[in-house]
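K.L.:
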Amino acid sequence: MSNTPLRSDLAMISQWIKPGTRVLDLGCGDGLLLAHLAMSRDVRGYGLELDTDNISACITRGVNVIQRDLDDGLADFDEGSFDYVVMSQALQVVHAPHKLLGEMLRVGKMGIVTFPNFGHWSTRLSLALGGRMPRTRTLPAQWYDTQNIHLCTIRDFEALCREKDYRIVDRAVTDAAHRQAPGHRLMPNLRGEVGMYLLQRNHP
Amino acid sequence: MSSPSPLPADSVGLVTPEDFAFDQPLALECGAQLNTYTLRVERYGKLNPDRSNAVLICHALSGDHHAAGYHAPTDRKPGWWEACIGPGKPIDTNHFHVVALNNLGGCAGSTGPMSINPASGQIWGPDFPIVTVRDWVHSQNRLREKLGIDQWAAVIGGSLGGMQALQWGVEFPDKLRHLVAIAAAPRLSTQNIAFNEVARQAILTDPDFCDGHYRREGRNPARGLMLARMLGHITYLSDAAMADKFGRELISGKPGFSFEPEFQVESYLRYQGNQFIDRFDANTYLRMTKALDYFDPARDFGGNLDTVMRKVRAKLLLIAFTRDWRFSPERSEELVRAALRAGRDVSYACIDSPLGHDDFLVPVPAYLDVFGGYLRRVAEECA
Chain E
49 MSNTPLRSDL AMISQWIKPG TRVLDLGCGD GLLLAHLAMS RDVRGYGLEL
99 DTDNISACIT RGVNVIQRDL DDGLADFDEG SFDYVVMSQA LQVVHAPHKL
149 LGEMLRVGKM GIVTFPNFGH WSTRLSLALG GRMPRTRTLP AQWYDTQNIH
199 LCTIRDFEAL CREKDYRIVD RAVTDAAHRQ APGHRLMPNL RGEVGMYLLQ
249 RNHP
Chain H
470 MSSPSPLPAD SVGLVTPEDF AFDQPLALEC GAQLNTYTLR VERYGKLNPD
520 RSNAVLICHA LSGDHHAAGY HAPTDRKPGW WEACIGPGKP IDTNHFHVVA
570 LNNLGGCAGS TGPMSINPAS GQIWGPDFPI VTVRDWVHSQ NRLREKLGID
620 QWAAVIGGSL GGMQALQWGV EFPDKLRHLV AIAAAPRLST QNIAFNEVAR
670 QAILTDPDFC DGHYRREGRN PARGLMLARM LGHITYLSDA AMADKFGREL
720 ISGKPGFSFE PEFQVESYLR YQGNQFIDRF DANTYLRMTK ALDYFDPARD
770 FGGNLDTVMR KVRAKLLLIA FTRDWRFSPE RSEELVRAAL RAGRDVSYAC
820 IDSPLGHDDF LVPVPAYLDV FGGYLRRVAE ECA
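Chains as they are written, first to last, in our numbering: chain E, 49 to 252; chain H, 470 to 852.
1. Would DSSP call TYR843 of chain H helix, strand or coil?
2. For a contact defined as C-beta to C-beta under 7 angstroms, what are the partners of VAL805 of chain H on chain E?
3. State yes or no: is the beta carbon of SER50 of chain E nearer than 7 angstroms to at least one beta carbon in chain H?
4. Identify, in the order they occur along the chain, each residue of the same chain with its Cβ nearer than 7 angstroms to the Cβ of MET49 of chain E, setting aside the five sequence neighbours on each side.
5. Taking only beta-carbon atoms, is SER253 of chain E less than 7 angstroms away from chain H?
6. With DSSP run on the structure shown, which of helix, strand or coil describes VAL833 of chain H?
7. Give me the Cα-Cα distance between THR485 of chain H and ARG512 of chain H, rounded to the nearest whole angstrom.
8. Pairing CB atoms from the region 693 to 710 of chain H with CB atoms from the region 787 to 805 of chain H, are three or more of them under 8 angstroms?
9. With 8 angstroms as the limit, tell me which residues of the region 813 to 835 of chain H have their beta carbon closer than that to any beta carbon of chain E; keep them in chain order.
10. With burial defined as no fewer than 16 other Cβ atoms inside 10 Å of the residue's Cβ, what is the status of LEU755 of chain H: buried or exposed?
11. From the beta carbon of ASP73 of chain E, is the nearest beta carbon of chain H less than 7 angstroms away?
12. With a threshold of 7 angstroms between beta-carbons, can VAL847 of chain H be considered close to chain E, or not?
13. Under 8 angstroms, with one C-beta from each stretch per pair, do the region 796 to 811 of chain H and the region 762 to 778 of chain H reach the 3-pair mark?
14. Suppose contacts are defined by Cβ-Cβ distances below 7 angstroms. Is LEU573 of chain H in contact with VAL602 of chain H by that definition?
15. Which of the three DSSP states, helix, strand or coil, is assigned to PRO486 of chain H?
16. Any residues in the region 684 to 717 of chain H with a beta carbon nearer than 9 angstroms to a beta carbon of chain E? Which ones, in chain order?
17. Taking all protein chains shown into account, do 16 or more other C-beta atoms lie within 10 angstroms of the C-beta of THR562 of chain H, making it buried, or fewer, making it exposed?
18. Classify PRO260 of chain E: buried if its beta carbon has 16 or more other beta carbons within 10 angstroms, exposed otherwise.
19. Would you mind working out which of H:CYS679, H:HIS540, H:ALA663, H:HIS647 sits nearest PRO690 of chain H, comparing C-alpha positions?
20. Exposed or buried, which one is GLN744 of chain H when buried takes at least 16 other CB atoms within 10 Å?
21. Got a sec, what are the start and stop residues for the beta strand (DSSP E) GLY159 of chain E sits in?
22. Counting along the chain, where does the beta strand (DSSP E) carrying MET276 of chain E start and finish?
23. Measuring only the C-alpha atoms, how far is THR222 of chain E from ASN196 of chain E?
24. Output yes if chain H places a C-beta closer than 7 angstroms to the C-beta of ILE160 of chain E; else output no.
Dropping the structure here:
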């Protein structure tokens with residue numbers, strides 16, 4: 049991990065989060081986002097994380113962290129008890145992404161989701177021409193030992209949002225380093241490697 | 470004879486217990502009152518000039534004030550939490566002033582059933598009142614005042630000690646900044662109460678118990694106390710840990726068709742039981758198990774643990790162990806849930822570890838990481 053002020057994807061997520069709010073971070077990793085939000089935006093919150101080394105890292109940073117498997121759901125949390133529920137790069141590893149999304153938007157007034165776009169041209173090309181499961185910058189694992197069990201494309205995700213009646217308040221489509229280029233805006237599902245969404249329930 | 474080996478560098482080294490006498494009456498939950506009492510205490514690490522770095526260690530069922538270090542260079546064993554207290558350890562004596570005590574009703578130097586009842590001039594024995602976790606916390610608060618400590622940096626305990634830490638958070642919310650409860654529970658499970666009852670019956674039905682007056686009669690219900698301890702030790706280890714540790718091979722290789730210990734686990738339990746009767750008092754054991762059974766801070770709040778947690782002001786660290794079936798992770802998670810609902814600052818780790826309930830006493834690396842990482846932040850706040 050670099051020592052730059054903040055990882056670029058976390059910096060982008062931070063922009064969506066208003067100061068003084070309460071945040072729940074699903075799969076919070078080493079707690080970098082929450083630590084940054086606490087320091088820069090006076091945000092209070094908790095991270096949920098499964099890995100013990102990451103738990104240690106969070107605690108050492110002074111981040112509230114609860115050891116928890118995201119597949120166990122969010123039943124412990126009351127409706128609307130957080131301003132934002134964030135899930136960065138974890139949508140594709142959970143057993144029931146659609147249910148967890150619903151849970152996120154029950155517990156949080158807003159949801160923030162980021163995921164690798166399986167519709168990127170390199171993935172398509174790899175499967176179409178190579179005939180093998182794609183391995184890319186954002187998805188480097190072999191098909192048999194990947195944690196990514198529910199990969200989707202930008203269009204898949206947006207279709208799900210329409211189906212569930214979630215409003216896409218804001219969207220950023222970027223390359224693997226979370227940089228935005230004109231191509232991402234023009235052909236997001238073909239050119240974007242990462243999708244980032246700010247969501248809300250249309251009918252709370 | 471070989472000379473004793475030097476004490477380990479990461480130990481607090483040689484320590485001396487101190488006795489603190491209290492003469493302000495302490496009203497107990499059972500309705501009785503202790504007019505005077507003594508608490509035996511050990512302290513490690515320097516108290517800083519603004520007296521902000523003191524941490525209180527609460528002991529479990531069979532623990533006492535001797536939490537770390539050695540009383541003599543020839544001691545075979547250090548204090549009971551040597552794995553976690555000392556220079557460079559999670560409860561780092563380079564940064565913290567550590568206070569550990571023997572609880573009221575104990576048998577290691579604080580006022581308890583083996584002490585003289587000033588009213589009668591006789592040993593208290595069975596007449597010593599049944600004390601509760603809340604009573605302990607109130608006596609510990611008197612100790613805090615006597616030591617001139619305005620606020621604990623942290624109150625820390627495992628098992629029954631974790632219950633005391635929780636009670637501290639509820640009872641004196643502004644007297645501690647952090648609360649660390651390890652392998653604890655919001656109250657005992659029915660199964661746990663059942664284990665305690667069998668342990669008590671082993672003692673109470675021992676012919677040498679003499680209705681608790683065994684000392685006066687010059688007797689000792691050693692068999693009952695030994696059985697109680699053996700039962701306890703079965704529950705402190707997981708099935709897998711017992712299998713790993715002792716296996717089930719016959720010591721002599723073939724059945725002896727006798728009731729002598731033939732399996733290693735039998736020798737282990739007998740050894741643990743025998744060790745215990747030399748250092749522990751049956752009347753104290755009965756009281757410790759009752760304190761466990763009665764503990765239920767939600768009882769005063771209609772059984773609502775969320776309301777209990779709303780009273781707590783301290784930041785919480787809760788730790789459980791995957792193989793612990795006596796105080797299972799689910800019990801710690803009840804506390805986590807309540808703390809979340811109450812909006813408290815809380816962190817929780819469930820450590821994948823081999824032993825079971827006993828894991829809180831041993832240096833499991835992931836446990837030390839989480840525990841030490843948390844307390845390093847606590848120490849930084851004190852600096």
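Note that the Cβ used here is the ideal one computed from N, Cα and C, for glycine as well. All of these numbers come straight from a predicted model, not from anything done at the bench.
P.N.:
Taking the structure as given:
1. By one-based count along the second sequence, residue 843 of chain H stands at place 374. TYR843 of chain H sits in a helix when the DSSP states are folded into three classes.
2. Along the second sequence, one-based indexing puts residue 805 of chain H at 336. Per Cβ cutoff of 7 angstroms: ILE114.
3. Reading the first sequence from its first residue, position 2 is the one you call residue 50 of chain E. Only weak support exists for where SER50 of chain E lies, its pLDDT of 38 falling under 50; the value from the coordinates is given anyway. No, SER50 of chain E does not count as interfacial toward chain H.
4. On the first sequence, residue 49 of chain E is found 1 positions in, with the first residue counted as 1. With a pLDDT of only 39 at MET49 of chain E, under 50, the local geometry of the prediction cannot be trusted, and the value read off the model is given with reservation. Excluding its 5 nearest sequence neighbours in each direction, MET49 of chain E has no C-beta neighbour in its own chain below 7 angstroms.
5. Summary: the structure shown does not reach residue 253 of chain E, with chain E confined to residues 49 through 252, and so no result is reported for it.
6. For the purposes of this step, residue 833 of chain H is identified with residue 364 of the second sequence, where counting begins at 1. Here VAL833 of chain H sits in coil by DSSP.
7. Reading the second sequence from its first residue, position 16 is the one you call residue 485 of chain H. Reading the second sequence from its first residue, position 43 is the one you call residue 512 of chain H. In a straight line, the C-alpha of THR485 of chain H is about 8 angstroms away from that of ARG512 of chain H.
8. yes
9. ASP814, VAL815, SER816, TYR817, ALA818, CYS819, ILE820, ASP821, ALA835
10. As a first step, residue 755 of chain H is located in the second sequence; it is residue number 286 there, counting from the start. Per the 10 Å Cβ criterion, buried.
11. Translated into the one-based positions of the first sequence, residue 73 of chain E becomes position 25. Output row for ASP73 of chain E: interface = no.
12. Numbered from 1 along the second sequence, position 378 holds the residue referred to as residue 847 of chain H. No - not a single Cβ of chain E is within 7 angstroms of the one on VAL847 of chain H.
13. In short, these stretches touch, since the Cβ pair count reaches three.
14. The residue given as residue 573 of chain H occupies position 104 in the second sequence. The residue given as residue 602 of chain H occupies position 133 in the second sequence. No.
15. Here residue 486 of chain H refers to the residue found at position 17 when the second sequence is read from its first residue. Residue state, collapsed to three classes: coil.
16. none
17. Here residue 562 of chain H is taken as the residue at index 93 of the second sequence, counted from 1. Buried is the call here.
18. Any question about residue 260 of chain E goes unanswered here, given that chain E covers just 49 to 252.
19. On the second sequence, residue 690 of chain H is found 221 positions in, with the first residue counted as 1. Checking every option, the nearest Cα to that of PRO690 of chain H belongs to H:CYS679.
20. Residue mapping note: residue 744 of chain H aligns to position 275 of the second sequence, counting from 1. Here GLN744 of chain H is exposed, its C-beta having fewer than 16 other C-beta atoms within 10 Å.
21. Residue numbering aside, residue 159 of chain E sits at position 111 when the first sequence is read from its first letter. Looking at the DSSP string, the run of the beta strand (DSSP E) that includes GLY159 of chain E is 156 to 164.
22. There is no way to answer for residue 276 of chain E, as the model of chain E reaches only from 49 to 252.
23. Residue 222 of chain E sits at position 174 when you count from the first residue of the first sequence. Residue 196 of chain E sits at position 148 when you count from the first residue of the first sequence. The C-alpha of ASN196 of chain E is placed about 20 angstroms away from the C-alpha of THR222 of chain E.
24. Start at 1 with the first residue of the first sequence, and residue 160 of chain E comes out as number 112. Taking Cβ atoms only, chain H never reaches closer than 7 angstroms to ILE160 of chain E, which makes this a no.
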